[in-house]
Amino acid sequence: MPEGMVLGIHGLKNKPAKDLLEKWWRQSLAEGLQRNHNLVSSFSFALAYWADVQYPAPIPEADIGNPYIEADGQGALRRYEGSASDAVRAIAEKWGGRTIDKGKDLIGLSAQVDLLLGVPFDDLRDYYGKSDVRDRIRAKLATALQQHEDKRICLIAHSMGSIIAYDVLRAGEQHQPAIEHFVTIGSPLGLPIVTQHIREEFVKTTVPHQVKRWLNLADPGDKVALDCNLAEEYLSPSGAASVQDVLVHNDYVDRLGTNDRHNGYGYLRAPELSDVLRGFLTA
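Residue numbers (this note's numbering): 66 to 348.
Here it is in structure tokens:
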């Protein structure tokens, strides 16, 4: 059986240097395997790093406000408790009833979107508004996929990285390698401001042909993953996988004691992601 390769692609905003961010992603994944499955495993990992397309220099290590911090305690980390309907109802209540509907009415990338979600979308505006930026960002992941085309691939995409990953997979359906597991975490792929652009480029929002399994993980309190039901939007073409939407508890607490429900490290060590990673590594 071919070697397994875990590829990651990060999300919005400037980041620490590639080597440091890559190390923290690996540590988060390893922490999840150890805490949730008592599994200490070495695995091949590489990060498709695109922050250098948007920003002239990475965040200096001394200025990093949200470094990787291990979870408190011992033993398995908390799984999400409750049903999908409970989560949807909780989100609706939190956002004031019609916030999701209002979000679905927004089709432009404007200050209104930032105000609604509380998250700056400057990088996404440039991605959709500047073709040279978009092409350079996509090339980062496309190159990584080509470099590991002889391996079994588990692709993990956080936040805006899930948009980039989806677009690269759709654009390369005829020549990109098969993706054994596509895992989206904290993904905005359900927002209409995103699906509109996907339809403009690819006509339909479908599962990429080369994806064998697609797992979408979202914390109900994650504003970026406000519409966390991708299965109803991304339909399965003949021969492709369907999306499995799974709600998780993102337990990440920053050094100020704040629970950051969108934080990538919390998603990477979540039990539901560890389940997939363990299966991939032990196949």
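Beta carbons are placed, not taken as given, at the ideal position from N, Cα and C, and that holds for glycine. Remember, predicted model here, so these are calculated numbers, not experimental data.
Asked	Found
Mapping DSSP to helix, strand and coil, what is L112?	strand
Do H327 and K288 have their C-beta atoms closer together than 8 Å?	yes
When burial is assigned at 16 or more other CB atoms within 10 Å of the CB, is T347 buried or exposed?	exposed
Find the nearest neighbour of A306 within the set V341, R91, P257 and E245, judged by alpha-carbon distance.	E245
The beta strand (DSSP E) that contains A222, what's its start and end?	R217 to H223
In angstroms with no decimal places, state the Cα-to-Cα distance between T271 and A230.	13 Å
Considering only residues of the region 296-345, which uninterrupted alpha helix (DSSP H) runs meet the minimum length of 4 residues and lie entirely inside it, listed in chain order?	329-333
By how many angstroms is the C-alpha of D215 removed from the C-alpha of M70?	10 Å
Helix, strand or coil, according to DSSP, for A407 in the structure here?	Nothing can be reported for residue 407, as the shown portion of the chain is limited to 66 through 348.
Measuring only the C-alpha atoms, how far is Y133 from Y332?	12 Å
By the three-class DSSP mapping on this structure, what secondary structure does A82 have?	coil
Find out if the Cβ-Cβ distance for the pair D188, Q119 is shorter than 8 Å.	yes
Express the C-alpha separation of L295 and K277 in angstroms, rounding to a whole number.	16 Å
In angstroms, rounded to a whole number, what distance separates the CA positions of W89 and N131?	11 Å
Taking Cβ to Cβ, would you say S227 is nearer than 8 Å to T249?	yes
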